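Novice:
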Amino acid sequence: MPRIGVFVCHCGTNIAATVDCGGVAEAARGFPGVVHATDFTYLCAEAGQRKIQDAIAEHRLNRVVVASCSPRMHEPTFRKAVAQAGLNPYLMEMANIREHCSWVHADRQVATAKATEIIRMVVAKVARNEPLTAKQVGLTKKLLVIGGGIAGIQAALDVANAGHQVTLVERTPTIGGKMAMLDKTFPTLDCSACILTPRMVELSQHPNIELRTYAEVLSVKGFVGNFEVEILQKARKVNHLTCTGCGTCWQKCPEKNVPSEFDVGMGRRTAIYIPFPQAVPNKPVIDTANCRYVRHLAAKERGEKLMECRVCEKLCPTKSIDWEQKDEIIVDRFGAIIVANGYDTFDHSVYGEYGYGKYPDVITGLQLERLMNASGPTKGEVVRPSDGKHPHSVVFLACVGSRDDKVGRPYCSKICCMYTAKHALMLKEHDPNIQTYVFYIDIRAAGRGYEEFVRRVQEEYGSTYIRGRVSWIYPQDGKLMIKGEDTLLGRPVEVEADLVVLATGITAAKGAVDLMQTIGISYDTYGFINEMHPKLRPVETNTDGVYLAGCASGPKDIPDSVSQASAAAVKVCGLFSQDYLTTDPMTSVVDQMKCVGCFLCEEVCPFRAVERETLRGGKVVARINESVCKGCGLCVAACRGEALNLKGFTDQQLLAQVTALLRA
Ligand SMILES: Cc1cc2nc3c(=O)[nH]c(=O)nc-3n(C[C@H](O)[C@H](O)[C@H](O)COP(=O)(O)OP(=O)(O)OC[C@H]3O[C@@H](n4cnc5c(N)ncnc54)[C@H](O)[C@@H]3O)c2cc1C
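Each residue of the sequence shown is one higher than the last, beginning at 132 in our numbering.
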């Protein structure tokens with residue numbers, strides 16, 4: 132016989148201001164199976180939990196209903212409390228009378244009546260709850276980091292320094308990400324390479340870290356503690372075990388005209404190359420799309436003639452060129468994954484009025500970083516791409532692809548105000564006579580020393596800030612004319628410039644959505660990863676064991692990316708501190724007698740928890756991998772033969788809830 136206790140929480144005035152909690156408890160005393168009902172100011176507080184525990188002992192309760200807030204936050208609190216009192220934790224149910232009632236109603240009488248009905252339904256459900264027991268599974272204490280920008284590097288180092296094995300997968304030939312492309316970093320103006328490259332080297336030499344550049348994740352199976360991952364190692368055509376990185380090959384490669392990705396098209400590279408001098412690993416790859424020998428082979432197959440080359444192979448002192456090297460698929464097991472795939476900059480070509488691609492002297496912020504950089508294509512000289520001359524007047528356009536509904540990017544990219552101010556300052560340091568103008572919407576400089584930095588750029592460095600958007604850029608007499616509106620003065624403005632720099636916004640990294648789908652984590656409409664909880668679980672994803680760091684979840688500066696990476700690393704170390712993982716027992720179960728083997732459940736399951744089992748007699752039916760199942764219930768809803776049920780949410784429990792409401 133169920134002996135149910137009902138506990139109604141006031142949640143201060145959050146519930147009590149709209150719901151008569153005493154009256155609701157009084158009504159609950161009359162519900163079937165209820166032997167005790169009471170109300171209390173804060174049930175989640177220690178005194179509240181003790182009240183529940185005492186009542187379990189005093190009234191010999193074997194079921195508990197806590198009527199308070201959403202279970203999302205406090206279900207674990209109350210499960211623990213009842214377990215300490217000797218009750219199976221799954222014999223406790225929460226009735227949400229805050230989010231579902233007091234917060235969304237104003238009329239006290241109606242809200243009180245609704246709270247009473249919500250509790251009536253949960254009482255009917257809890258009477259049919261069965262004790263459930265969590266299971267234990269082992270785990271592989273090895274981390275996979277996806278993305279080798281500063282966030283991925285930091286996370287990998289933190290976890291490796293804690294003594295765990297780490298594999299870092301980076302899709303380009305080097306780690307470093309965008310930070311490696313920057314010249315100096317705001318607001319302290321540290322040289323980006325000087326603070327980043329020691330970490331890159333530390334990572335490559337760390338005994339606990341396996342570095343896989345030029346590689347990508349192909350598939351992820353399994354669950355927290357036990358992920359099975361397929362990694363594609365792209366063929367570099369260079370044996371990195373024997374190559375010493377002497378540089379002969381890329382110095383002698385005759386194909387010197389390939390646009391450099393690292394210099395964002397401002398410089399050129401060879402077909403066999405390292406992306407930049409401090410690249411890690413400091414060993415080259417052959418870009419087969421541009422290699423003369425590979426192109427010669429392709430032409431030969433087509434029956435055409437093209438000059439053979441193989442200069443790199445002939446000159447390599449260690450005979451490390453390996454034309455036979457093929458793409459390879461590596462399968463490995465990991466206990467946790469940190470996704471740090473970073474960002475890309477907005478494709479500003481949609482702003483035809485700014486003339487990018489049409490006028491060579493309209494460039495982006497990232498391109499300016501490369502021009503200012505001593506290891507960049509101009510060795511740090513800022514010159515106009517059109518004629519190689521020094522610009523005397525430079526106009527910056529903020530919010531290109533940010534805060535603009537028109538281009539589907541209503542969000543703020545957070546870093547552009549700051550990097551634009553940094554650029555204006557650095558140009559002045561390059562040439563004190565240069566004039567800089569910044570067109571902006573608002574200045575968003577929320578960070579330590581950030582506001583002061585922007586003010587310094589305006590007051591000390593004399594940059595002219597004009598509030599307003601630019602409507603049109605056009606060439607005139609070898610210059611660029613920028614037409615816009617000064618919205619503070621309410622009049623049109625026209626500025627003449629030698630160079631225009633677009634502060635392009637932050638978008639999800641190329642291929643981000645495919646990657647999220649491969650891993651099975653949720654993402655927003657822009658392709659950034661959704662956090663498990665934006666405030667309280669900001670580095671966790673909706674899939675246990677998968678964490679995030681850096682710009683993978685939205686625009687961030689370097690300090691924020693690094694903090695998140697260390698936070699994710701702590702979560703991983705916490706996970707790896709256990710020898711076994713406890714799995715939630717509220718999973719789906721298959722009645723294999725009823726299963727007809729249509730596998731609709733397999734199709735709808737977002738966690739790949741449905742497996743196939745062949746019964747004696749040859750019938751193939753579904754089976755749920757309880758370690759993988761998250762209890763979302765999609766398979767139960769999809770099953771036409773009613774062969775599936777969800778523990779803790781069985782058809783019988785849900786029908787009892789509905790019946791209780793209809794009979795009220
Ligand atoms: C013009 C400009 C100037 C800036 N200046 C500053 C500054 O002065 N100070 C500051 O604090 N911040 C600055 N930033 C911001 C800074 O670049 C970011 O905060 C930082 O790079 C975020 O690091 P991340 O590791 O999250 O991402 P990223 O640097 O983008 O690194 C992500 C890495 O993941 C890799 N990757 C992507 N997808 C995959 C995949 N599927 N598989 C494997 N690898 C993958 C990428 O190749 C890349 O190496 C600036 C940004 C711009 C655009």
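Just so you know, even glycine gets a beta-carbon here, dropped at the ideal spot from N, CA and C. Every value quoted in this text rests on a predicted model; they were computed, and no experiment measured them.
1) Please determine whether the Cβ atom of alanine 430 lies at a distance below 8 Å from any heavy atom of ligand 1.
2) Does the beta-carbon distance from isoleucine 250 to alanine 212 come in below 9 Å?
3) When you measure from the CB of lysine 211 to every non-hydrogen atom of ligand 1, does any distance come out below 8 Å?
4) Using the C-alpha atoms, what's the distance from serine 335 back to leucine 372?
5) Return the chain-ordered ranges of every beta strand (DSSP E) run that is complete within the segment 503 to 531 and spans a minimum of 3 residues.
6) Drop a sphere of 10 angstroms on the beta-carbon of proline 329, count the other beta-carbons inside from all chains shown, and report buried for 16 or more, exposed for fewer.
7) Using C-beta distances below 6 Å, list every residue in its chain close to alanine 282, excluding the 5 sequence neighbours before and after it, in chain order.
8) Taking C-alpha atoms, which residue in Asp463, Thr305 and Lys450 lies nearest to glutamate 392?
9) Hey, glycine 143 and valine 268 are a contact pair by Cβ (cut 8 Å); roughly how many whole angstroms apart?
10) Can you list, in chain order, the residues of its chain whose CB lies under 7 Å from that of alanine 699, leaving out five sequence neighbours each side?
11) I need the DSSP call for proline 390, collapsed to helix, strand or coil.
12) What would DSSP say about glutamine 723, mapped onto helix, strand or coil?
13) Whole angstroms is fine: what's the gap from lysine 520's alpha carbon to tyrosine 568's?
14) Starting from glycine 283, trace the alpha helix (DSSP H) both ways and give me its first and last residue.
15) Have a look at tryptophan 381 and glutamine 648 and give me their C-alpha separation to the nearest angstrom.
16) Looking at the secondary structure, which residues open and close the beta strand (DSSP E) in which leucine 275 lies?
17) Here's the rule: buried if 16 or more other CB atoms are within 10 angstroms of the residue's CB, otherwise exposed. What is proline 563?
18) Please work out which residues of its chain come closer than 6 Å, Cβ to Cβ, to phenylalanine 707, disregarding the five sequence neighbours upstream and downstream, and give them in chain order.
19) Would you kindly check if the distance between the Cβ of valine 395 and the Cβ of alanine 246 is under 9 Å?
20) DSSP state of glutamine 296, grouped into three classes?
21) Using three-state DSSP, classify aspartate 691 as helix, strand or coil.
22) Check for me: the beta strand (DSSP E) holding glutamate 361 runs from which residue to which?
23) How many whole angstroms separate the CB atoms of glutamine 184 and alanine 156, which I take to be in contact at a CB cut-off of 8 Å?
24) Drop a sphere of 10 angstroms on the beta-carbon of valine 759, count the other beta-carbons inside from all chains shown, and report buried for 16 or more, exposed for fewer.
25) When you compare only the Cα positions, how much space is there between glycine 473 and glycine 308?
26) For the alpha helix (DSSP H) containing arginine 423, name the first residue and the last one.
27) Taking only runs of the alpha helix (DSSP H) that begin and end inside the segment 583 to 633, which ones reach a length of at least 4 residues, in chain order?
28) With C-beta atoms as the reference, is alanine 159 less than 9 Å away from alanine 148?
29) Note down the Cα distance separating isoleucine 403 from cysteine 325, rounded to an integer number of angstroms.
30) Does DSSP put lysine 750 in a helix, in a strand, or in coil?
31) Measure the CB-CB distance between leucine 777 and methionine 717 and report whether it falls below 9 Å.
32) What's the gap between the Cα of glycine 728 and the Cα of threonine 714?
33) Looking at the strands, I want to know which residues DSSP matches up with serine 684.
34) For the alpha helix (DSSP H) that contains aspartate 710, what are its first and last residues?
35) Tell me whether glycine 496 counts as near ligand 1, meaning its Cβ is closer than 8 Å to at least one heavy atom of that ligand.
36) In the DSSP assignment, what residue or residues form a beta bridge with leucine 497?
Specialist: Reading off the structure:
1) no
2) no
3) no
4) 14 Å
5) 524 to 531
6) exposed
7) Ala471, Ala680, Gly681, Ser692 and Ala696
8) Thr305
9) Glycine 143 to valine 268, Cβ: 40 Å. No contact.
10) Ala286, Ile469, Val670, Tyr678, Leu679 and Ala680
11) strand
12) coil
13) 19 Å
14) 281 to 292
15) 37 Å
16) 273 to 277
17) exposed
18) Lys272 and His295
19) no
20) strand
21) helix
22) 357 to 364
23) In fact, because the Cβ distance is near 18 Å, the residues do not count as touching under 8 Å.
24) buried
25) 8 Å
26) 423 to 432
27) none
28) no
29) 26 Å
30) coil
31) yes
32) 26 Å
33) None, per the DSSP bridge assignment.
34) Counting along the chain, aspartate 710 falls outside any alpha helix (DSSP H), and DSSP gives it neither H nor E.
35) yes
36) Answer is none; leucine 497 lacks a bridge partner.
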